[in-house]
Amino acid sequence: MRYNSAMSRLKLITFDLDNTLWPVDEVIRRAEKACSDWIIDRHPEAALALSAERVRAVRTALLRERPDYLDNLTALRQDAMARAFTEHGFSTNEARKIAEEAFLVFHRARNQVTFFPGALGVLEQLADSYQLGALTNGNADLQQIGIAELFTFHHSAETIGKRKPAPDMFLAALASAGVDASQAVHVGDHPLEDVHAAREHGMHAIWANLIDLDWPVDLAHPRHHIHNLHELPDLVPLFDD
């Protein structure tokens with residue numbers, strides 16, 4: 001990890017991951033297909049329990065029972081598969097074993113990402129002058145992706161116990177970096193969970209609108225936004241003023 005602790009006001013840049021450093025929808029589709037193909041190949045009888053309609057019904061039921069599953073997407077995916085297998089006639093232990101093994105297949109593929117143009121170069125450039133942190137509601141693994149060395153820390157809804165926009169992850173980031181909120185800027189794609197939440201918790205915010213979203217009419221428009229990560233190195237110094 002390389003960063004210069006010079007007397008600039010800005011000391012920490014935190015990044016959301018999915019749809020901020022890489023587009024995620026196609027990644028998830030490929031990962032789900034890899035998981036499905038593995039189940040069909042290794043446990044064809046279990047594959048019958050995982051139709052798209054069945055998976056949606058099980059996930060809906062689990063979220064109705066425990067809304068806090070949204071704070072742990074790994075548990076939600078594993079438990080949804082296990083329940084579907086159990087309801088299809090598998091024993092509890094067998095259902096859990098298949099679900100855990102299938103999730104590992106999903107997770108390996110889920111971490112095979114294609115970065116947005118310039119992402120790696122920008123991260124390397126910024127890591128020379130600032131602490132970088134990752135804040136995500138998802139379950140990406142920076143070690144598997146290969147960029148963990150660029151970040152001082154990586155907090156997720158699973159590790160913290162609360163997903164953004166709750167303050168927990170932002171407060172954990174400030175504590176990890178040892179900085180005040182005014183010395184930190186958060187970069188993310190989600191208007192509510194990233195931009196609005198960061199501002200509400202005292203941090204600066206940059207809307208990374210790399211997938212051309214519309215800004216919600218009920219939220220105050222961000223002062224700073226980018227359409228390409230190449231814009232970040234020129235924008236970040238503005239927060240030192």
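Mapped onto full-length UniProt numbering, the consecutive letters of the sequence shown carry residue numbers 1 to 241.
Built from N, CA and C at the ideal position, the CB exists for glycine as well.
In whole angstroms, what separates the C-alpha of W38 from that of R54?
-> Position 38 of the sequence shown, counting from 1, holds the residue named residue 38. Position 54 of the sequence shown, counting from 1, holds the residue named residue 54. In this structure, the CA atom of W38 is about 18 Å from the CA atom of R54.
Would you say the stretch 155 to 171 touches the stretch 181 to 201, given that touching needs at least three Cβ pairs under 8 Å?
-> Three or more beta-carbon pairs drawn from the stretch 155 to 171 and the stretch 181 to 201 are found closer than 8 Å, and the two stretches are therefore classed as touching.
Nonlocal neighbours in the same chain, by C-beta distance under 7 Å from L17, ignoring five residues either side = Start at 1 with the first residue of the sequence shown, and residue 17 comes out as number 17. Excluding residues up to 5 positions away in sequence, A134, T136, G138 and A140 lie with their Cβ nearer than 7 Å to the Cβ of L17 in the same chain.
Can you give the Cα-Cα distance for S36 and R42, rounded to whole angstroms?
-> The sequence position of residue 36 within the sequence shown is 36, counting from 1. The sequence position of residue 42 within the sequence shown is 42, counting from 1. S36 and R42 have their alpha carbons spaced roughly 10 Å apart.
Using the beta-carbon count (16 or more within 10 Å), is K33 buried or exposed?
-> Walking along the sequence shown from the start, residue 33 turns up at place 33. Label assigned to K33: exposed.
With burial defined as no fewer than 16 other Cβ atoms inside 10 Å of the residue's Cβ, what is the status of R2: buried or exposed?
-> To locate residue 2, count along the sequence shown from 1; it is residue 2. Confidence in R2 is poor, its pLDDT being 45 and thus under 50, which makes the residue's placement unreliable; the coordinate value appears in the next sentence. So R2 ends up on the exposed side.
Write down the C-beta distance between Y130 and L10 rounded to the nearest angstrom, noting that I regard them as a contact closer than 8 Å.
-> For the purposes of this step, residue 130 is identified with residue 130 of the sequence shown, where counting begins at 1. For the purposes of this step, residue 10 is identified with residue 10 of the sequence shown, where counting begins at 1. Taking a contact as a CB-CB distance under 8 Å, the pair Y130 and L10 counts as one, their CB atoms being some 7 Å apart.
Which residues bound the alpha helix (DSSP H) around G121?
-> Numbered from its first residue, the sequence shown carries residue 121 at position 121. If you look at G121, you'll find it in the alpha helix (DSSP H) that goes A119 to A127.
Would a C-beta distance cut-off of 7 Å place H186 and M169 closer than the cut-off?
-> Here residue 186 is taken as the residue at index 186 of the sequence shown, counted from 1. Here residue 169 is taken as the residue at index 169 of the sequence shown, counted from 1. Pairing H186 with M169 gives a Cβ-Cβ distance that is not under 7 Å.
Name, in chain order, the residues that DSSP records as bridge partners for A184.
-> Taking the first residue of the sequence shown as 1, we reach residue 184 at position 184. Per the DSSP secondary-structure output, A184 pairs in a beta bridge with L12.
When DSSP labels each residue in this structure, what does F239 get in the three-state scheme?
-> The residue you call residue 239 lines up with position 239 of the sequence shown. In the structure shown, F239 sits in a helix (DSSP, three-state: H, G or I).
Where do the N-terminal and C-terminal ends of the alpha helix (DSSP H) with L63 fall, by residue?
-> By one-based count along the sequence shown, residue 63 stands at place 63. DSSP places L63 inside the alpha helix (DSSP H), whose first and last residues are A52 to E65.
Using the Cα positions of D128 and L219, report the straight-line distance between them to the nearest angstrom.
-> As a first step, residue 128 is located in the sequence shown; it is residue number 128 there, counting from the start. As a first step, residue 219 is located in the sequence shown; it is residue number 219 there, counting from the start. Here the alpha carbon of D128 sits roughly 34 Å from the alpha carbon of L219.
If P222 sits next to A205, beta carbons under 8 Å apart, how far is it from one beta carbon to the other, in whole angstroms?
-> Mapped onto the sequence shown, residue 222 falls at position 222. Mapped onto the sequence shown, residue 205 falls at position 205. 6 Å between Cβ atoms; contact.
Can you round the beta-carbon distance between A173 and T14 to whole angstroms, since I take them to be within the 8 Å contact cut?
-> Start at 1 with the first residue of the sequence shown, and residue 173 comes out as number 173. Start at 1 with the first residue of the sequence shown, and residue 14 comes out as number 14. Between A173 and T14, the beta carbon gap of about 5 Å places them in contact (Cβ cut-off 8 Å).
Other residues of its chain near R199: CB distance less than 6 Å, five sequence neighbours each side excluded | For the purposes of this step, residue 199 is taken as residue 199 along the sequence shown, with counting starting at 1. Answer for R199: A205, listed in chain order.
For D79, count neighbouring Cβ atoms within 10 angstroms of its own Cβ and tell me buried if that reaches 16, exposed if not.
-> In the sequence shown, the residue the question calls residue 79 occupies position 79. Of the other Cβ atoms in all chains shown, 16 or more fall within 10 Å of the Cβ of D79; this residue is therefore buried.
Please report the residue range of the beta strand (DSSP E) in which A206 lies.
-> If you number the sequence shown from 1, residue 206 lands on position 206. Looking at the sequence itself, residue 206 is Ile, so the reference to Ala does not match. Where I206 is concerned, the enclosing beta strand (DSSP E) stretches over H204 to A208.
F151 beta carbon less than 7 Å from that of L126 | Taking the sequence shown and counting its residues from 1, one reaches residue 126 at position 126. Taking the sequence shown and counting its residues from 1, one reaches residue 151 at position 151. Contact flag unset, no.
Determine, using beta carbons only, whether A95 and F106 come nearer to each other than 7 Å.
-> Your numbering for residue 95 matches position 95 in the sequence shown. Your numbering for residue 106 matches position 106 in the sequence shown. At a Cβ-Cβ threshold of 7 Å, A95 and F106 do not count as neighbours.
Of the choices E26, S91 and A99, whose alpha-carbon is the least far from that of I40?
-> Looking up residue 40 in the sequence shown gives position 40. Among E26, S91 and A99, the Cα nearest to that of I40 belongs to A99.
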